[in-house]
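Undergrad: Let me give you the structure first, and then I'll get to my questions.
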Amino acid sequence: VLLGGDTGIGKSTLLLQAAAHLARQGQRILYLSGEESLKQVRMRSLRLGIESDSIFLLNEQDIDYIPEYIREINPLLVIIDSIQTVFTRRVSAIPGTVAQLKECTARIMEFAKQTDRAFFLVGHVTKEGALAGPKLLEHLVDTVIYFEGDSSHYRILRTVKNRFGSANEVGLLEMSARGILEVPNPSQMFLTGRDRHTSGSAVVASFEGTRTLLVEVQALVAPSGYGYPRRMVSGLDQNRLALIVAVLEKKCGLGLSAFDVYVKTGGGVFVRDPAVDLGVVAAIASSFREIPVRPDTIFVGEVGLSGEIRAVPLLEARLREAAKLGFSRAVIPVGNVKDLSKLLTMEMLEASTVEEALELIP
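Per my numbering, the very first residue in the sequence shown carries number 3; after that it's consecutive.
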């Protein structure tokens, strides 16, 4: 399993807590630290309240010794922190180079198969958010997981490859003084602190993995002080924002060419689901017109280049989650109405185009 994430995001803390959980069940864990000294790892363990005779810490970078350690300790799980710091004597290159990364990963895969052990490899990511090193690393391992987050204390564990299960699962976690904790109600978390009566805010129902997340989309439309209007986004795809702004200008007559448009998601979560497009439309239009969106309204729908609102999968699951949190109105695509059961008591506002949807706001 390859676990990737930014420096300081909490990868080592997460794996140390996972090791402690297995140790409490009587399993042995081998933790090879190539970045931090044993004293540093020990200090983190004490801070997290982890003290176990079943977790074996080693400050080792030469992976050729791993089979010997496995024979001596007989661990259930081996954690290597990180893959960029280890090396093998088979390659005459410094740790972290492409040649070392490829050979070390291949050797570790060989060890895993020979010894029938699970291995967790910690990997760093680039500024673009991709795992550092050759793409071959992701092809060699069985599972690739990204640990995501920003300056907030919330984290998302996102699976992008899994040979043994779904590759669309996400886990929502919170970084606290006691370590990393599970978030029991993520939708409520992402809506905490929301100003229900200000313009430029809309709530969307996103589907991440097998769970529905309600996320606030915030937009700010301000006169541009430059010759070229700025389009800035946090938590959403930059290209989708450009598409939505173009549709609003062309199909709805919103004169955004002289305005800067800033869009972000609440809670620092990155949303990839195209079904949130309609909520972005609502937030931008609300800020532009200075008219707040009704706080009891949820938006679900994908926006096409011709301004049409396309049907989205799993609409009923999204709306049931919204109903649990008190939402009573939903702006949805016309094509999705047939998918809904009569048990839903929400008011359904159907729209086939972006222009029709804007007429339903607020």
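In this text, a Cβ means the ideal position worked out from N, Cα and C, and glycines have one as well.
Do Ile31 and Phe58 have their C-beta atoms closer together than 8 Å?
TA: Contact: yes.
Undergrad: Output the boundary residues of the beta strand (DSSP E) element that contains Lys266.
TA: Phe261 to Thr267
Undergrad: I'd like to know if the segment 206-226 and the segment 288-298 are in contact, where contact means that at least 3 CB-CB pairs between them fall below 8 Å.
TA: yes
Undergrad: Rounded to the nearest angstrom, what separates Leu307 and Leu245 at their Cα positions?
TA: 7 Å
Undergrad: Report back the beta-carbon spacing between Ala313 and Asn338 to the nearest angstrom; my notes put them in contact at under 8 Å.
TA: Sure, about 5 Å apart at Cβ, within 8 Å.
Undergrad: Can you tell me which residues form a DSSP beta bridge with Met348?
TA: For Met348, which the question treats as bridged, DSSP gives no partner whatsoever.
Undergrad: How many Å lie between Gln19 and Leu50 at the Cα?
TA: Between Gln19 and Leu50, the C-alpha separation is close to 8 Å.
Undergrad: Pull up the DSSP beta-bridge partners for Arg73, would you.
TA: Note: Arg73 sits in no beta bridge, so no partner.
Undergrad: Where does Thr286 fall in DSSP's three states?
TA: The residue you asked about is not Thr; residue 286 is Ile in the sequence shown. The answer is helix: DSSP assigns Ile286 an H, G or I state.
Undergrad: Alpha carbon to alpha carbon, what distance is there between Glu352 and Pro335?
TA: 6 Å
Undergrad: Using only the alpha-carbon positions, how far apart do Gly227 and Phe261 sit?
TA: 8 Å
Undergrad: What span of residues does the beta strand (DSSP E) with Thr355 cover, start to end?
TA: Looking at the DSSP string, Thr355 is not in any beta strand (DSSP E), and its letter there is neither H nor E.
Undergrad: Report the rounded CA-to-CA distance for Leu79 versus Thr15, giving the unit in angstroms.
TA: 16 Å
Undergrad: List the DSSP bridge partners of Asn164.
TA: DSSP output for Asn164 lists Thr145 as bridge partner(s).
Undergrad: Between Ile311, Glu323, Gly309 and Ser168, which has its C-alpha nearest Thr299's C-alpha?
TA: Glu323
Undergrad: Taking the alpha carbon of Gly28 as the point to measure from, which residue in Asn76, Ile68, Ile11 and Lys253 has its own alpha carbon closest?
TA: Asn76
Undergrad: May I have a chain-ordered list of the beta strand (DSSP E) segments no shorter than 3 residues that lie completely inside the segment 60-121?
TA: 79-83
Undergrad: May I have the straight-line CA-CA distance separating Glu310 from Met177, to the nearest angstrom?
TA: The straight-line gap from Cα to Cα measures roughly 40 Å.
Undergrad: Take the Cβ of Gln102 as the centre, count every other Cβ of all protein chains shown within 10 Å, and call the residue buried at 16 or more, exposed below.
TA: buried
Undergrad: If we count Cβ pairs, one from each stretch, closer than 8 Å, do we get three or more for the segment 235-245 versus the segment 270-277?
TA: yes
Undergrad: For the segment 178-187 against the segment 195-210, are there 3 or more C-beta pairs whose distance is under 8 Å?
TA: no
Undergrad: Could you name the residues of the same chain whose beta carbon sits closer than 6 Å to that of Lys266, not counting the 5 residues immediately before and after it, in chain order?
TA: Excluding residues within five positions, the ones whose Cβ falls inside 6 Å are Gln220, Ser236 and Gly237.
Undergrad: Of the residues Ala359, Glu349, His155 and Gly167, which one's Cα is nearest the Cα of Cys365?
TA: Residue 365 falls outside the range modelled here, since the chain spans only 3 to 364, and no answer is possible.
Undergrad: Here's a check: name, in chain order, each residue in its chain whose Cβ is nearer than 6 Å to the Cβ of Ser56, leaving out the five neighbours to either side.
TA: Spatial neighbours of Ser56 in its own chain (CB-CB distance under 6 Å, excluding positions within 5 residues in sequence) are listed in chain order as Ala25 and Arg30.
Undergrad: According to DSSP, is Ala21 helix, strand or coil?
TA: Residue state, collapsed to three classes: helix.
Undergrad: When we look at the beta-carbon of Leu48 and count the other beta-carbons within 10 Å, is it buried (16 or more) or exposed?
TA: Here Leu48 is exposed, its C-beta having fewer than 16 other C-beta atoms within 10 Å.
Undergrad: Looking at the secondary structure, which residues open and close the alpha helix (DSSP H) in which Gln42 lies?
TA: For Gln42, the enclosing alpha helix (DSSP H) covers residues Leu40 to Arg49.
Undergrad: Out of Arg213, Glu357 and Glu150, point me to the one whose CA is closest to Asn187's CA.
TA: Closest in C-alpha terms to Asn187, from the list Arg213, Glu357 and Glu150, comes Arg213.
Undergrad: Assuming contact is defined by CB atoms lying nearer than 8 Å, are Tyr87 and Gly36 in contact in what I supplied?
TA: Residue 87 is actually Thr in this sequence, not Tyr. Yes, Cβ-Cβ distance for Thr87 and Gly36 is below 8 Å.
Undergrad: Below 8 Å CB to CB, which residues in the same chain sit around Thr145 once its five sequence neighbours on both sides are set aside?
TA: Val3, Leu4, Thr161, Lys163, Asn164, Arg165 and Phe166
Undergrad: Spatial neighbours of Ile81 within its chain, please: C-beta separation below 6 Å, excluding the five flanking residues on both sides.
TA: Once the five neighbours on either side are set aside, the close Cβ partners of Ile81 are Leu17, Tyr33 and Phe122.
Undergrad: Tell me the rounded alpha-carbon separation between Ala332 and Phe301.
TA: 6 Å
Undergrad: Can you tell which of Val295, Arg296 and Lys252 has the C-alpha that lies nearest to the C-alpha of Val356?
TA: Lys252
Undergrad: Can you name the start and end residues of the alpha helix (DSSP H) that Ile246 belongs to?
TA: Gln240 to Cys254
Undergrad: Looking only at DSSP bridge pairs, what is Ser208 linked to?
TA: According to DSSP, Ser208 bridges with Leu215.
Undergrad: How many Å lie between His141 and Val172 at the Cα?
TA: 20 Å
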